[in-house]
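Mapping the sequence shown onto UniProt numbering, position 313 (from 1) lands on 313, and the numbers just tick up by one.
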Amino acid sequence: MQHKAAGDDVPLKLSQDATDIRVTGLLALEDGTILEGEGFGAAGEAVGEVCFNTAMTGYQEILTDPSYAMQIVTFTFPHIGNVGVNDEDVENAADTAAIAARGAIVRSKVTSPSNHRSRLDLEAWMKRRGIIGLSGIDTRALTIRIREHGMLRGVIAHHAGGRFDRDALVEQAKAWSGLEGADLAKEVTTDKPIRIPGEGPHTVLMDFGVKRNILSRLQTEGCRVTVVPATTSFDDIMALSPDGVLLGNGPGDPAATAEYAVPVIRELLDAKVPLFGICLGHQLMALALGAKTKKMEQGHHGANHPVKDHATGRVEIVSMNHGFTVDEATLPDRVEATHTSLFDGTNAGLKVTDAPAMAVQHHPEASPGPEDSFPMFEKFVRLMKENARAG
């Protein structure tokens, strides 16, 4: 019930207890590998980049995070769906199904939920949101494949009758252009400003695919927030009289989004507006400062990543979700690296020495994930207040 790509020494197969599975779903990879299992959720097919996520909890937040646009998520934790879904844990601030993950791959078949917060089972929810699922897969072997060969382009398919044109699906995966060079921020951003009341500093948030919990953390700190589209100009931002600007997370290639975002960020830096970048926002700030970004082989996706804070020496366990990284060797002299991933030594944070600007590659808002980095929002609020007093 599986096909092994020529020359590959990593066996990909169904779970050991899955010999009686009736094939109603499959994953076709660009290298010709086809994994067969049981489909669930939405019917149809979807192309995307296949990644893996190591979080043990938070599958609803992961599947609704806009940063996963055009990706198919392999969950390394074997039991996904046990707590169902609810109305509160949707991380897409716009709550639009079309701008999040394309598919989900799991080892064990999704069971009925058992949780007091559950309002719907995962399969029905995925069907409603157009997300295709595939169960019965040896996710450990697939994760090893991704770790050793990088994130592959693939097509996830689900058909109740089990009718698939396997060769055509492989060709579809090969033909897809992938995420390099893809500007997805325009597809996930809000189309009009969103205003959130508060008594504290006014934060303008550039929405490249912002997660809801970033807004929640700013509200917790008392901020008044205005969310603006990704393509908002410098003049339009300044017309809002911001105390600071947050460059939000989002999907796609930062070098592509940079074409319209970087000129705005440079003007904000020159104007000494307090800036805080998160994930894609971190990468865009680095590009605006003259650094470079590059595609990662396997990316960082999970809620259990160790990151070292250079200033304190403290190791924080954080949530991460990115397939591109800032090339630390290209950071200019005016920029200091502030955080480092202890998994692979890649850059996880920076600050500007001659402007009130900082950024982190990880997700300090978590959701899912630990709360170790919540103080980053407190630090940003202090930065805005100090800058206001200095002005």
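All residues carry an ideal CB built from backbone N, CA and C; glycine is no exception. Small disclaimer: the values here were computed from a predicted structure and weren't measured.
| query | result |
| --- | --- |
| Distance CB(G133)-CB(V155) smaller than 8 Å | no |
| Straight-line Cα distance separating R389 from V73 | 45 Å |
| Cβ neighbours of Y68 in the same chain (closer than 6 Å, five flanking residues each side left out) | A100 and A101 |
| Contact under 8 Å by Cβ, G198 with G37 | no |
| Beta-carbon spacing of T24, G162 below 8 Å | yes |
| Cβ-Cβ distance between T353 and A291 below 8 Å | no |
| Simplified DSSP assignment, three categories, for N387 | helix |
| S108 and D121 closer than 8 Å at C-beta | no |
| Three-state class that DSSP yields for E365 in the structure shown | coil |
| Range covered by the alpha helix (DSSP H) that runs through I62 | Y59 to L63 |
| Spatially closest choice to G130 from L269, V210, A157 and A141, by CA coordinates | A157 |
| Which of helix, strand or coil DSSP assigns to V90 | coil |
| Length of the line joining the Cα atoms of R128 and A43 | 10 Å |
| Cβ-Cβ separation, T226 to V262 (assumed contact under 8 Å), whole Å | No, V262 and T226 are not in contact; Cβ-Cβ is about 21 Å, not under 8 Å. |
| Proximity of H310 and T338 at Cβ, strictly below 8 Å | yes |
| Distance, E328 Cα to H149 Cα | 23 Å |
| Simplified DSSP state of residue 427, which is helix, strand or coil | The requested residue 427 does not occur in the structure, where the chain is confined to residues 1 to 391. |
| Spatial neighbours of L184 in its chain, beta-carbon cut-off 6 Å, leaving aside the 5 residues before and after | A69, P251 and G252 |
| Nearest-angstrom beta carbon gap, S114 and N86 [assumed within contact, 8 Å] | Between S114 and N86 the Cβ distance is about 13 Å, and since that is not below 8 Å, they are no contact. |
| D17, buried or exposed, once every other Cβ within 10 Å from all chains shown has been counted against 16 | The predicted position of D17 is uncertain, since its pLDDT is 48 and thus under 50; a value taken from the coordinates is nonetheless stated next. D17 should be labelled exposed. |
| Per-residue burial, L27 [other beta carbons within 10 Å of its own, 16 or more giving buried] | buried |
| Assigned secondary structure, G7 (DSSP; H/G/I helix, E/B strand, else coil) | Here the model assigns G7 a pLDDT of 39, short of 50, so the residue's position is not dependable, and the following value carries that caveat. Looking at G7 - three-state DSSP - the assignment turns out to be coil, as it is neither helix nor strand. |
| Per-residue burial, S341 [other beta carbons within 10 Å of its own, 16 or more giving buried] | buried |
| Per DSSP, cross-strand counterpart(s) of R145 | Answer is none; R145 lacks a bridge partner. |
| Other residues of its chain near R195: CB distance less than 6 Å, five sequence neighbours each side excluded | T226 |
| Proximal residues to K308 (C-beta, below 7 Å), its chain only, five neighbours per side dropped | V315, H339, T340 and L342 |
| Exposure label - D165; buried when at least 16 CB within 10 Å | exposed |
| Close-in-space but distant-in-sequence residues of the same chain around V188 (CB under 7 Å, 5 per side omitted) | P66, A69, I99, G209, G250 and P251 |
| For L14, three-class secondary structure by DSSP | Legend: pLDDT at L14 = 44, less than 50; position of this residue unreliable, value from coordinates given subsequently. In this structure, L14 counts as strand in the three-state DSSP scheme. |
| 4 or more residues per run - each alpha helix (DSSP H) lying fully within the segment 115-161 | 122-129 and 139-149 |
| Backbone CA spacing between D236 and E171 [nearest angstrom] | 45 Å |
| Beta-carbon proximity check, Q71 vs E91, cutoff 8 Å | no |
| Classification of K351 by the beta-carbon crowding that lies within 10 angstroms, buried from 16 upward | buried |
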